[in-house]
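Reading through the structure tokens given below for one structure.
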Amino acid sequence: MDAFTKKRIEKILDNYRERKIPTHLKEEFEIRYKFRGNTITLLQERPSYIPGSRVELLIAQFRLEDNKWKVYWKDSKDRWHFVDDIKPDESFETQLMIIDRDSKGIFWL
């Protein structure tokens with residue numbers, strides 16, 4: 003992924019992070035992302051059931067392949083799987099909005 007694309011996506015994700023979690027919950031919950039090559043992993047950090055500790059939940063993964071973004075979900079054995087119901091798309095924003103809606107309950111708790 004080139005530097006321009008990475009910077010553009012960082013701005014999109016930063017705006018998304020600001021909107022996703024209500025203000026009164028921002029101290030408890032945080033949405034973060036990690037870049038690795040042509041892959042972006044979206045994750046949520048939240049309080050653990052153990053007082054004073056936090057847990058990191060991997061929400062989704064976006065992979066840029068053949069100039070299209072593919073969406074993946076993670077199973078309980080830490081393996082990523084392509085989401086067949088979400089067609090690869092050139093628009094990262096489109097894929098992010100599909101994840102946000104999560105109409106099948108795959109991504110968000």
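Residues 3 to 111 in this note's numbering are what the sequence shown spells out, letter by letter.
Beta carbons: idealized from backbone N, C-alpha and C, even for Gly.
Keep in mind that this is a model prediction, so the values were computed, not measured.
| Through-space distance from P90 to W82, alpha-carbon basis | Rounded to whole angstroms, W82 to P90 spans 16 angstroms at the Cα level.
| request: Please state if the CB of F94 and the CB of W71 are separated by a distance shorter than 8 angstroms. | output: Yes.
| query | For Y35, which of helix, strand or coil comes out of DSSP? | reply | Y35: strand per DSSP, three-state reduction.
| request: Closer than 6 angstroms by C-beta to F31: which residues in its own chain qualify, once you throw out the five before and the five after it? Chain order, please. | output: Counting only Cβ-Cβ distances below 6 angstroms, and skipping sequence neighbours, we find I23 and R48.
| field | Length-filtered (4 minimum) alpha helix (DSSP H) runs lying within the stretch 39-81 | value | Listed in chain order, the alpha helix (DSSP H) runs fully inside the stretch 39-81 amount to none, counting runs of at least 4 residues.
| task | Grab me the residues of V57's own chain with a C-beta within less than 8 angstroms of its C-beta, minus the 5 sequence neighbours each way, in chain order. | result | Contacts found: E47, R48, P49 and S50.
| field | D77 to T7 span [Cα, whole Å] | value | Computed Cα separation, rounded: 28 angstroms.
| query | From the DSSP output, which residues share a beta bridge with D91? | reply | Answer by DSSP bridge pairing, in chain order: W71.
| Going by beta carbon distance, what residues of the same chain come within less than 6 angstroms of V85, once the five residues before and after it are set aside? | Here V85 has V73 and W75 as same chain residues with Cβ atoms under 6 angstroms from its own Cβ, once five neighbours each way along the sequence are excluded.
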